[in-house]
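Numbering (my numbering), first residue to last: -4 to 461.
Below you'll find the structure, written out as structure tokens, and then a few comments.
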Ligand SMILES: [Cu+2]
């Protein structure tokens, strides 16, 4: 699915007949405007690399946002403008989407909807001021199954000025790779699985390693950030060997009373935990997920040194993020049906296609990332409150992600929902869920399943605000 043919900017524009208008309007060309500008605080280089995911076994053809290893953890500050230069060192186009950040639409990273693809050798500068603090992530929005499947999924943290009192902060970027016994990539998906729950990986990793162990001071307080950047897997997380508290989900602080026994995270979701390390040197915390009903270790945290004697009660609560509260009495209800697709062959796109259409939103499958995108599946008035009625008429899970806006979970026909703020609703089989939001960020916002095979075979669209 990688496009071997070298496409130039001219060729990409040629697909547009030379015009600059798309469904999303017009946008500036990204490259060639950097001279004289301030240096970017961060630079990412999309790269094809060989890397040993397992000791002594190098995997060829991985993709990263760095030329020498896993994608870096980006740390930004709430409310401060960040400049991030992205250079495309791949031999195919790419873009970067900043998952969960409520930033200007022009910086959202969706090909043709918000920007032109970044062509081979080009650099695009993204600039934005994140309004919310918390744990986020970044990934391409072009040829996503291939680029993300090969490794281009990184963690982004927005720091708050207020310090909650942790001794350390550990990120675990959780994801699978689809490797054969020789450690080399096998086919990224199977059509039979793409039409069902999605194709699972074969090697589970945390920070690109199998079951890593991290040494941390005994009795210290850890902010543990679990970030599911996998293209398919639903994680069911539990910790053994410690008292841990859930403090945030999908970037937003959670009520202290909300402490689920296992933390269910679909593709794209994040959980922040407050963890007290064991007081005795050598004692270990195991972070597990359930696979086929059995716990499987993802990573271990081992206590070292003297007991620091910290207690979870010493932590201050996280500051809330400034998300507008929807006015339910005035909210218009908009239904969305997530269902089957017609099985057609999709149009070809420089951002890749899997060759199948299995899924749809409101009976309309997304045709692919094309210069002439179809119309928005919903139009929202700026400043108004809305209830989205998300109806999953399939028997598979769909983590439904909305770009650029944060919504609140309201209710479900299957279960009691905690009143959480999120950007990704884990819609269960045959579930109908109401969520609510204020349409306060103008633009065309992608709305899609984060099981990437589902997204790439039709389960995608966009809403227009303003
Ligand atoms: Cu899905």
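Each residue gets a CB set at the ideal place from its N, CA and C atoms; glycine is no exception.
Judged by their CB atoms, residue 129 and residue 66 are not nearer to each other than the 8 Å cut-off. Check the Cα spacing between residue 329 and each of 312, 383 and 452: the tightest is with 383. In the three-state reduction of the DSSP assignment, residue 139 falls in the helix class. In the structure shown, the three-state DSSP call for residue 154 is strand. Of 63, 151 and 155, the smallest CA-CA separation from residue 72 is found for 155. Burial check for residue 227: the Cβ neighbour count within 10 Å reaches 16 or more, so the residue is buried. Contact between residue 131 and residue 151 is confirmed by a C-beta separation of about 4 Å, below the 8 Å threshold. Of the heavy atoms belonging to ligand 1, at least one sits nearer than 7 Å to the Cβ of residue 393.
Bridge partners of residue 460 according to DSSP: 375 and 438. About 5 Å separates the beta carbons of residue 283 and residue 233, which is inside the 8 Å limit, making them a contact pair.
Between residue 224 and residue 168, the CB-CB gap stays under 8 Å.
With a 10 Å radius around the Cβ and a threshold of 16 neighbouring Cβ atoms, residue 264 comes out buried.
For residue 218, the enclosing beta strand (DSSP E) stretches over residues 216 to 223. As far as DSSP is concerned, residue 162 takes part in no beta bridge.
Rounded to the nearest whole angstrom, the CA to CA distance from residue 325 to residue 133 is 34 Å. Take residue 397, set aside five residues on each side of it, and the residues of its chain with a beta-carbon closer than 7 Å to its own are 418, 440 and 442, in chain order. A residue is called buried when at least 16 other Cβ atoms come within 10 angstroms of its Cβ; residue 355 meets this threshold and is buried. A straight line joining the alpha-carbon of residue 327 with that of residue 375 spans about 9 Å. Rounded to whole angstroms, the gap between the alpha carbons of residue 415 and residue 425 is 21 Å.
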